[in-house]
Structures are given as C-alpha cells and as structure tokens.
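Novice: Dumping the structure here so I can ask a few things about it.
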C-alpha cells in the first residue's frame, strides 16, 4: 500500500516532537511513508470559522496531489489536520457543485476517492495491533496512562466515523499494548479550548485545567495525546494553570507515538521527549526502573 | 471458444447423467456459422451439440413458460447476464421455482447483431453488438449454479449510448410530434403478437387481448387497436421487462419496441429506484408502495 | 333478455326544478331492454316504493334503475324494496341526478342531457349485473388473547364475563405484564399490585378463561370466525396440576447468583427454577433450562426435585403444541423500553447509579429488591439528590425514536413525588423539554410534584453525566433562564421512552396484520376503527398500538372485548357479497393480487386432478376477509380476477354508453 | 427585552442562513442539549440554543454582534449530541461567515476574529503557517505584546518556535484558491 | 370559406367537451355529493363513474374513455393515508405515475389526463378541479388529439 504523509504545520513547528517520534517508530516498524510534495496548510480552524468554501478548497489541494500521485491513503497525524481533510473529503463527496468549483480552482482532477487516517486509525488499522505488540521490547508494566482524545478525533461522528464518540477506547487499547494500564476518567472527549489558545487564553486554562485535574485525581502518571493542539494546551499551559489554581499538576504530556517508542525500547532522546515543556524525567526514571 | 463449449458440455453431461435435470436448454450452431439456435438436450450422448459464442442472442428463458418444457420438471438452462434477469423475474412471480432449475451461467461481453452477423460480421465492437449490450451492467449472471467465464474482451464504449439518446430525443418532442412518430410506427403493426411470443415474461395463459367480456382491446388492424395493443404490452411489462430485446428482434415490421420498454424502465428507476431482474428476493415494483411515492402529478 | 325498469324521481322540485324528468323518462323508454319507464314525485316515499314494487312484480323486472338522489342516501331503501319482491338487491342501481346534477347545474337543457347520460350508464350497468349473495361466515365463538398485561387481562375478563370462552396466552411464567412491575400509579397513587393482583387472580379462576403462561402462539391460519391456531407450551419442567406453589424448589436452588431477575430489571438475581415475583399468577415456577445446573452439568443437580413434596418437577417435560380454533383474536403484545445504552453521554451501564424509569419503579416498590426503600444500586446508600431526565430516547430521531412516549412526563412526576415522600429532606431535579399532562387530574398531579413536593423542574436537556468522587455530575441546561446548569446528584433516573415489544413484529406477520415503521400495530382506521386491525376478526389493545397509559390500555382492552362480544352476538358473520372472484381457468398464479391485497384475503389454492395429483396453483379469495376494494383487479394482467358489483364489463359498458 | 418582528427581514435572514447551512432552523425544538454540553457556554453572552432561536426570529443584529459566535471553538459536542441532528456548530460557522462578509466589526471577541484573519494571511503568503510570524503579527495587531511572553524563551529553547518559516513552491495556486473563494 | 371553417373547428378548442371522471366511492364521490348538498355550481361537462376505490381504477379505463370520445379524463380518490381500503390509492398511485409517462411518451397530451385526491369534505375542491379542468380542456387545440381517438 502506498501511504502518503501529511505532516501539517504544527509537526514542523511547535509539535516537532510528534514528527520526530513518528518517523522513529515507523523506522523501527519498517513502514514507509512519503510526504505529500509541496503540501499546504489545511486552513485549520481559521478557514472554516469564517469561510466555509475556503476550508474545503485548501485541504482539497493536498488530497488531490496525493490522489494524483497514486496514493491510496493519507496519514495525517495532527488531529486538526485529519479532521479538516476528512471534512473536506466528505463535503466534496456530497456537494457536486462545490466539487466542480474546487476542482476548477485547483487546476487538477480529483475523484474524492482517497482515504484519510488519523494517527490512531493508522496505528490500529494500517499498522495493526499484532505488529505493534511484536515490537514491544520494554513493556511499561504498572505505568498508569490516561488517553486524552479531545474533540477533533471523534467529532462530528458522521464525518469522522471514529470509534464510539462518547466513550472512545482506541488509544486506550494502544496504551494497553505497551503493557501500561489505561486510566479511565471522565473528561476523555471534553474540549481543551483548542484554537482559543492564543486569542482567549483564559478560556483555555479553565477548560484544560478541568481536564488535567480530573486526570490527576484518577492517579495517572502521564497523559498521551494524538493532537498537537491538545498537546500544546495541556503541556505549554500547564505551568500557568498550576499558578491559576494554586495546585501542582506535574503531568507530562506525551504523544502516543512517543509512548509506543518508549515501549519499543527507543532512547527517549530519539523521540524528542525532552522537547516538552513539562519535563518527563520522573516518568522516564520510573520506566527505566521497570 | 472450444474451451467454453467443453465446459458447457461437461456440466450438461453431469447434470443429465446424474438425473439432476431431465432437460437442458442451450444453444447450438445453426444453418449458418454466424447463427446460433436453441437446442433441447435430453440425453447425455447429445451434449456435444451444445455450444456458446458471441452469436448466442436469444433469451432462452422464454421456453420456460411453455407447457411442453414445463413437463420436464427439473431443467438446466444456459443463461447470459441479461437472460438471468428474466429468470429472476420469473422466480419473483412464482412462474419458476429455484429448486427445479439449474442455472448454467455464461459470462457474456456482448452479442453481435443478427443482421450484421448474417453479412459475416464476427468482431465485437460498439458498432456491432445489440443496443441492449451497450446498456448492459450485468455481463455476469449473479444467480447461477455454474459459471463459465468468457473469453471475449470487454467492449470499449465511447460513452455515447445510442438507446438513451433516442429516448431523450422523443422526450423532447411535442405530443403532436410524438403522436405522428408513433402513428407511423404502429401503423406497421400487423397484430401478429410475435412480440408477445418472444417475451420470456409474457406468460399469461390467456392474454388480455383474448378477453372479450369486456373487449379490452380492438382486435382489428385499426389505428386505435394497434396503439392499444402496443400500449398495454408496454404497460404490463413496465417494472418487469429486463430489456432482453427479444420482442423487438421478433417484430417482423421493426417497430422500435425497446424504445418504449427502455422509457418505462427509466421512468421506473427514476420514480421508484427499482430495476427489474436484479434481485430475486426483491419485491416487484408494482407489488409494493411507499407512502412517500411520487405525488407531484396529483392535485 | 333484460327487463329493466327506470324510475325517475322528481324529489319535489329538487330534481324536477332543474331536470326535465319527463324527458329523462322518455329517453329511458327508448333504450333497448327497458320495459318500463316512469317518473314520480318522491320515489323514496311509501307510495313511491310501493309503485316500484308493483312494477317489479307486474313487469317481472330483471333490473331497476332509479334516477334519483345519491346512492349514499337511498340505495339501501330501494334495495330492500326489491328484496321484498324477490329481486336480488344488487340488481338495483342508482343514477345520481340530484347531488351531482340538479343541485349543481343551472341550465335545464344541459342538466337534463347529463341526467339522461347518467341514467343510460346505469341501465347499461344493470343489464350486466349478476345476482350476488351476501357471504355468511360461521363464527367459532372462542377468543384468543395474546398478551397477559393489563389490556389483555381486561379484554379477557370482559369477554369471559360476556359468556365467551377465552384463551389467554402469555410468554412469561406469570401474567401481569408491565403494570405489575410498577409501584404506585399516577395520578391517584394507588398501588399497582393492589389493583392488579385481584384481576390476575380473577383471570386464573374464571371458568371461561383458559390460561396459557410460559407459552407462545406459533401459528395462525384461517380467517374471521375460524382461525386455526397453535400454541406452544414451553417445557416448564413442572407439572402444573400437581404444583402447590410452596416454594421449596426455588429456596434450595443453588443458582441464586449471576442470573438477573427480568422482573426486577436486572437489579436483583433470581434462581434457575423461579417464579418471577411472589404474587405470580399462576403461582407455579418455571425452570429456566438455559441456566439450570441439571441441564448444564449432565443431570447431576436434582436439589429442587428432592425438595419438592408432590414430586411435580419433571426434567423430561417437552414443549407441547396445543391446537385450537377461535373466531376472534386480540393482539395485546405490549411494550419494551428503548435501549438506554444508546446514550454514551449518560453513562448508562457504566455508572451503576444511572437507572431507567422502570428500574426506579422496582426500587420504589415494596416487592422490589430494596423492599421499597430507595437505595442506590452502587453502594446501597439512600440518595439525597436525584436528577430525572425526561425524553430519553423519545423525541430523538437521531438516536431513539421521533415520537413522544406519552407516559414519561407523568411517571417522572410520580417518581419525584414518591421519592420526596420516601426520603425526607431529599431533593429532585427534573430536566424536561415540554410537560405533557393532558388527562384528568394529570396537570394537577404534576403541579403538586412541584408545589407540594418541592421538585425543581428545569427546562432543558442534559448533555453529559460524569462520575466524580461518588457523585454523579449532571451537565444540563435551563433554557428558560439561559444557563448551563451543573448538579451533583446521588442518582440519575432516565425517563426512558417506549417501543413495541421485541418480537411483536413477528406476531404481526403471523397474524397478517399491519404495523407502522416503528413496529406499532396500525388500526383499520385511526379515528373510526381504532380497535380493529387491518384484518377482520383481529383486534388490538394496549401499548402494542402505541404509547398509552393504564386507563387508556384498559379502555382499549374493553373496546376490543365489546367488539368481539358484538361480533359473537350473532351466529354468523355477514359480509357484503361484492367481493373478488378468480377465474381459475385462466389464473397463472403470479400472485400480484396477493401482493396488493391489504386484507390478506388472497392465498394459493392447489388444483388437483381426480387422482390427487397437483395440476396447478391458482389464486383464491377468502370471502371472510375480502372487502371488495378491487385492488387485485387492477394488479391482474390477464384480468382473471374481478370484483362483483363493479365488474370490468360493467364499467366498460358505462363508458361506452356515453353519447359524445 | 422586546423585539418587533419584521416578517420580510426575518425571512431574508433565515433564508440566507438556511441556504448556507443546508438545514432548516425549524428543525430545532429548543431542548437546550447543545447549551448543556457546550464547553465555552460560561463565557458566552447567549447560549447556543438562544442563538438558533434568535436567528429564526430574524434578530440578525444581535446574533451577528454576539460574543457567542466567536467564542465557539467548533468542538462539535453540540452537533454530536443533538437529538434532531441539527448542525449547531455549523450554524456558528455560518453566522461568523456572514458577519465577516458584512464587515461587522463587533468589539466583542475582536481578537478571535483577528486571529483567524492573521492566520489566513499567513497561509496566503507562505502556503503554510510560520508560527513565530503568526504569533508576532497577531500580538502586534492586538497590542497584547506581553501576554504569554513568559512562554517564549522556554519554547525557543525547546525548539518549539522555529526562527525560519517554510514557503511552498506553488504559491500562485494558493493565491488562486484564495481569490476563487474569498 | 368552407375550408376555413373546418380549419377553425380543427384548431380551436371544443366548446362542449365531455369529461369522464373515475372516482372512488368513499372520498371523491362523497365530496362531489357534498358539493351538491352545498348547492355549489360547476361545469356540467363531467360524467362520473363510481368505483369502490381508486385502487380499482384501471389505467386502461383512461384509454377506453378517450376511445369513446372523451376530451378529458379525471381520476380521483382518497388522499394518501385516508384510503378506506388502507392502501388502494397508494398502489394505484404508482401505476398512474408510470402509465402517465407511457401515455405522454406515446403522444397523448397529458393536459387531458388529470389526477386528484378529493376527500369527502372537499366539495369545494371538487368544484374547483372540475371547473379548472373543463376550462383547460376547452382551451386545448382540438388538433391535440391522441392516438386513441377516432
């Protein structure tokens, strides 16, 4: 299967750890992906917030390039990007008038046939649990891991078609593969504030605070995510939240690829775990002692 | 080609020898190399006569309605994708039971028009096959007990499908123009009822034209009676006709009957999303209804 | 040769004022076959009818046409007059020259010519009329009631009290249905088992009722007056006539863990040999072979057999099929609740203290798992705060059903009220969208729950429920104040909506009655025949037809009973003879007629030769079921089927008689 | 509060919204489940269900100037749980788009709008997001120069804020897409 | 002069066209009766043939009516959902839809075939439909004859 890779802007910037760790584990898993040539930004939340058609057209260019390059499916690790790509694909499948307009503007054909996978679908569907399990060299037994899904992976279910939208378990299943214990808690799919990170930090610290304290209460050692935006809010803003509520949290936020990498026995440095704002030292030490 | 015939003959021999069927309906070479005609095999030693090729036009399902065929009980029949649809309708309408029939499906990529074949045409192409083959979406029989694969290449099509174009052309005419068109066509009709005889789905034991209390249809050769017959034939086949084209092939005066049948099939698909003959378990379009059926034409 | 009489009515000046009745009369007399044409001032008057009778007699008429008012007015009057002279009533036809001519047109000449046309059409029709005998179907005066809930019980008792034998078939080991699961009932708060148990006992003791519990109807054929039915008595493993209901068997049964009690909606366990509840009727246990150790472990466990005094436990009992014939059937199959687990956001199944309305009934009930003390399932603590959520599953086309379940507003108000009565100092919050309390005393009841019992009603739905340190956090909205509302509660009760009983569609298919897209049985006419199903002789009752409360269920049970008693008040069921008939010679059995018949009146009939060999199959019309609508005629290609009174040749004659 | 309904204006607004939404406002029966689950409802001036009702009543000035439409984070919790399958999150997109088109420069939540604008300008000129430029321009525009500034040094140290952005090669195509759909 | 007259007769509409209406007994026939009892007035060109149900009205009746010289044919029954016989009108609605297409395809002017649902309470609707249909038929060119006409 020919797999296209759509990194998106975050993985090239603030969430570089995600890309580093992804490429590393794929190397170990011996799976080849090809970055979509000359890809562009999907428009993220900004486009669909104020210009619906643009929010379809921008991702469509990437879909069309991949499709015309003979790829069967796209891996979009960023939850926001995969959400936008899936939404655009859905709209183009259901709205012929818009499709004609977009194809015209792109100047290249597009059949709306290419498949889009987010990171979790990719890992459990394309890579497969058996393969992952076979690579686990350093089981993370006893480590308590909370999986945080957020909004963009699961909603709207009509388009995302991902797991149970109210009680997803796909990431927990992956966590269990590493030998760690998935932690059940209430705020799995609550919103972290997302795009308001820059424009409305107050809202973000409130929402993210709710999530972090709930996970803390359920005794997790760390949190795994599959979304740069979530990661950024949970990680970068954690100090600020601690200050706002006057209560220490100290939960390292790892990308799911990093957790898998650790269980594969990969050196944390190669997974860029030191790139996070909240240090994972304690957890890494705990893993070392396992 | 020989390969297909061998396979066909082996299946037939096995069926007859094991007494699973007592009659096989198939094709055999005709008087002319480019003509195939139906053959009825009852003895294993005769299976060598069976053959199939791109000249096997006729829909053999038509014989299933005949009393003299019915009395054989269990029957094996050679069907193309289009013929299999006729079988499906016959089963939907309880005229044939699945247990009594062994379906020897043959994959078909089109049959050559008889008029061209008689002139020696042997190439399969968009220009040599019957119109029905151009519209065919079911080259391979779906329901079958045996399936023989086809050696013929798929016809490449220009995408411009003639039969649809003709329907659209007529649709765009005024009613006067249509009237003129059909009057001319129906004028030719000699009420020979060959269309009925050739149709695998016209199986009534007493056709409505033969009912005289009341006299539903004028049986003379008048303009009205001709139109009435052609109308009722099309109406009774609406939602049932599987487009085998046998009626048109049988018509001695070349009335474009498939034009009417095609229009009906299209209307039915447009209005009710139904295509006949595709699913033996489907409910016939006029045996069911939906509360949300098309209602715009009713005040 | 036809001998037709035409009678033109003046209707005073009603007709004669606009139609030249003499002209109509004269034109009539010119039509071949008409032997008498007269006009008269009022044909419907006694002298008018007498003159009609006289002419029939004197001229030995074979057919009568009245050019008069609408057939909907006096067709029957004239037909009766004809019968008195020995003329088959179907030889009387009416040309409607009043409602459809004289009253709607002004131009006398044109109106007259239209009247002549209509009269001529009817003359041509009557010439082709055939004698039709009304169909009489003998009635087997016995009734089958399917379902032993309140509506089935009511129907059975009413019918039995009317002197007719009843077979009451119930799937569960006891009758009582859903109502016996309820605690107290709105709006009067009488205890459900107190009013229900006497009725159940009455059923059991009634000489006219034969009770089949733990049984199912497996086959129904035939038609009104004469249904052949098969009842499967499932192997109960207990010989019913010997059992005393002492309880020794279930008291010793080792399987008292892990099997959830259906009656208590999974809130408690039951044994393998069990009665669903102590007041069960009959008080005879059934042995659930799917969980019984005797059956699972190769016959080792025989504890119940050992404990049984009369030794009435028989592990070898088999399913038994009972065949019966009945004249009428009541379908009262009842309801189920919508699956709450569809609502991941409410955590039903994940959080133990989120329960359904029916589970809460069991928690309130003195016969329930907590003996009527409100305790929450997770830890048995008494909840102080309960949040009730209405419209769970109902009015929800996305996950549930679009319709309103009708009873939830009321039972939630009742729950909140009873909770307030049972737990002092407690607080209820009710999330609702609309409150539907429209029967007698209902609105007052809901107001009472708010005003006297202090329940707080919030207008809005709940989006999500979390568990947090032993509390359930409810995230809802109150749209009236425009706020998001968060409540920490000890328990949540979901006012789950209702759907037809699982398997009721199969019952409908067996009975040949129609049901809607949700599975509720449809009435023959939604307003005027709300008790009848689409099939003659089969009546409907209770929630099987749609959401309704107890009084309505009882009413519907009684209504079905009264219809059946009315039907059985005669020895024969008489239907009009204008029904379909098949020409067997030309039928090819394509059965399009059967597909379009809404009354299941058409079936296949084998035609055999003298030696019994099957020659062919043809369509056959059941006269007890056919109503003569003629849909089959329209479906028949070869015109092999026709409907009496409106035969094709008659209609063609009408068309062809017109002068243009 | 009191509104006087002008039927013509109401219909115009409703049909504009409905045509962009591909759904009927009358579908909403005001159960409030959207507002119940909305994570940012606490900051909003009108709850989502009120926005829907006010739109239906033709209160365009109020809804287009509301904070709510800009505060919505498109988390789709509302649409996911709506019993009527109404696209609640999408109506917020639609109302934002109308407000943007009409140039309604509401003071409320101006910053969120500016963020979207700066973001799209960044995409327009680079084809991708150059985060440092995005943050810088946004801060300049909103004059929140020092908000979050404490985060910057550590982020740069961790390598999260790159000093150089990437541009894609076919910027002409991006320009055309913007031109076609702006 | 003669020719012109004939021409005129051919192209101009019929002044007294006959319309045949096939109606169901329960709804439309009662609706027409109601128009009568309410003393409403309508065009006298229509001749009603009563049948039990619109499900009984065979589309072939339309052809027979045209053959007989009717200039317009009306078929009318109970509204969907109101059929006295549960589903007769639903079944025939399907047939009418297709039959109508067939007639149109063969050159019948579909202005001459009308379908309506008229309930027992819709006396006014009946009047309206008859008047409107009669006017329409009168306005049609006589030449727009069809193949089922002599």
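Chains as they are written, first to last, in my numbering: chain A, 154 to 443; chain B, 980 to 1278; chain C, 2 to 661; chain D, 6 to 187; chain E, 86 to 235.
No residue lacks a Cβ here, since even glycine has one placed at the ideal position from N, Cα and C.
1) Within 10 Å of its beta-carbon, does residue 1200(B) have 16 or more other beta-carbons around it, so buried, or fewer, so exposed?
2) How would you call residue 28(D), buried or exposed, if buried means at least 16 neighbouring beta carbons within 10 angstroms?
3) Is there at least one Cβ from chain B nearer than 8 Å to residue 176(E)'s Cβ?
4) Relative to the alpha-carbon of residue 200(C), which residue among 308(C), 499(C), 111(C) and 157(C) has its alpha-carbon at the smallest distance?
5) Mapping DSSP to helix, strand and coil, what is residue 1226(B)?
6) Under 8 Å, Cβ to Cβ, is there at least one residue of chain A near residue 1(C)?
7) Is residue 484(C) helix, strand or coil by DSSP?
8) What residues in its chain sit with their C-beta under 8 Å from that of residue 644(C), if we drop five residues either side in the sequence?
9) Let me make sure I understand the geometry here. Which of 1017(B), 1160(B) and 1006(B) has the alpha-carbon closest to that of residue 190(E)?
10) Short of 7 Å in beta carbon distance, which residues of its chain neighbour residue 118(D), apart from the five on each side in sequence? Order them along the chain.
11) Could you check where the beta strand (DSSP E) with residue 355(A) kicks off and where it finishes?
12) Does residue 364(A) pass the burial test, meaning 16 or more other C-beta atoms within 10 Å, or should it be called exposed?
13) If you measure from the beta carbon of residue 201(E) to each beta carbon in chain B, is any gap under 8 Å?
14) Determine the direct distance from the alpha carbon of residue 69(C) to that of residue 8(C), and round the result to whole angstroms.
15) Can you tell me which residues form a DSSP beta bridge with residue 1008(B)?
16) When burial is assigned at 16 or more other CB atoms within 10 Å of the CB, is residue 48(C) buried or exposed?
17) Mind reading off the beta-carbon distance from residue 192(E) to residue 109(E)? Whole number of angstroms is fine, and I expect it under 8 Å.
18) Just to confirm before moving on: does the CB-CB distance between residue 625(C) and residue 224(C) stay below 8 Å?
19) Looking at the C-beta of residue 101(D), does it have a partner C-beta in chain A at a distance below 8 Å?
20) Does residue 97(E) have its Cβ less than 8 Å from a Cβ in chain C?
21) Please confirm if the segment 386-401 of chain C is in contact with the segment 431-439 of chain C, defined as three or more CB-CB distances below 8 Å between the two stretches.
22) I want to know whether the segment 410-429 of chain C touches the segment 443-451 of chain C - three or more CB-CB distances under 8 Å.
23) Residue 13(D) touches chain C at which residues, Cβ-Cβ below 8 Å?
24) Three-state secondary structure (DSSP) at residue 395(C)?
25) Can at least three beta-carbon pairs, one atom from the segment 36-51 of chain D and one from the segment 464-478 of chain C, be found at a separation below 8 Å?
26) Which residues in the same chain have their Cβ closer than 6 Å to the Cβ of residue 508(C), if we skip the five residues on either side of it in sequence?
27) Tell me whether the beta-carbon of residue 96(D) lies closer than 8 Å to the beta-carbon of residue 134(D).
28) I need the boundaries of the beta strand (DSSP E) containing residue 612(C), first residue and last residue.
29) Since residue 356(A) meets chain D, which of its residues come closer than 9 Å, beta carbon to beta carbon?
30) For chain B, find out if any of its Cβ atoms is closer than 8 Å to the Cβ of residue 14(C); answer yes or no.
31) Would you mind reading off the limits of the alpha helix (DSSP H) that contains residue 206(A)?
32) Less than 8 Å between C-beta atoms, sequence neighbours within five positions excluded: which residues of the same chain meet that for residue 1258(B)?
33) How about residue 99(E) and residue 156(E): do their beta carbons lie closer than 8 Å?
34) What does residue 118(C) reach in chain E if we use C-beta pairs closer than 7 Å?
35) Which residues of chain A have a Cβ atom closer than 7 Å to the Cβ of residue 469(C), listed in chain order?
36) Where do the N-terminal and C-terminal ends of the alpha helix (DSSP H) with residue 218(E) fall, by residue?
Specialist: Looking at the coordinates:
1) exposed
2) buried
3) yes
4) 157(C)
5) Secondary structure of residue 1226(B) (DSSP, three-state): helix.
6) Outside the displayed range of chain C (2 to 661) lies residue 1(C), so it cannot be described from this structure.
7) The DSSP-derived three-state label of residue 484(C) is strand.
8) 579, 580, 581, 582, 629, 630, 631, 633 and 634
9) 1160(B)
10) Exclusion of the five residues before and after residue 118(D) leaves 75 as the residues of its chain whose Cβ lies within less than 7 Å of its Cβ.
11) Per DSSP, residue 355(A) belongs to no beta strand (DSSP E); it is in the alpha helix (DSSP H), 354-370.
12) It is buried - the Cβ of residue 364(A) has at least 16 other Cβ atoms within 10 Å.
13) Output row for residue 201(E): interface = yes.
14) 8 Å
15) 1015(B)
16) exposed
17) With a Cβ gap of about 29 Å, residue 192(E) and residue 109(E) do not count as contacting.
18) Residue 625(C) is a Cβ neighbour of residue 224(C), given a cutoff of 8 Å.
19) yes
20) In this prediction, residue 97(E) has a pLDDT of 48, which is less than 50 and means its spatial position is unreliable; nothing more can be read from the coordinates.
21) yes
22) yes
23) Residues of chain C passing the Cβ test: none, with the nearest at roughly 28 Å.
24) coil
25) They touch, by the three-pair rule.
26) Around residue 508(C): 334.
27) no
28) First-last for residue 612(C): undefined, no H or E at that position.
29) 44, 45, 47, 48, 76 and 78
30) no
31) 205-221
32) 1067
33) yes
34) The contacting residues are 132.
35) 339
36) Counting along the chain, residue 218(E) sits inside the alpha helix (DSSP H) bounded by residues 208-224.
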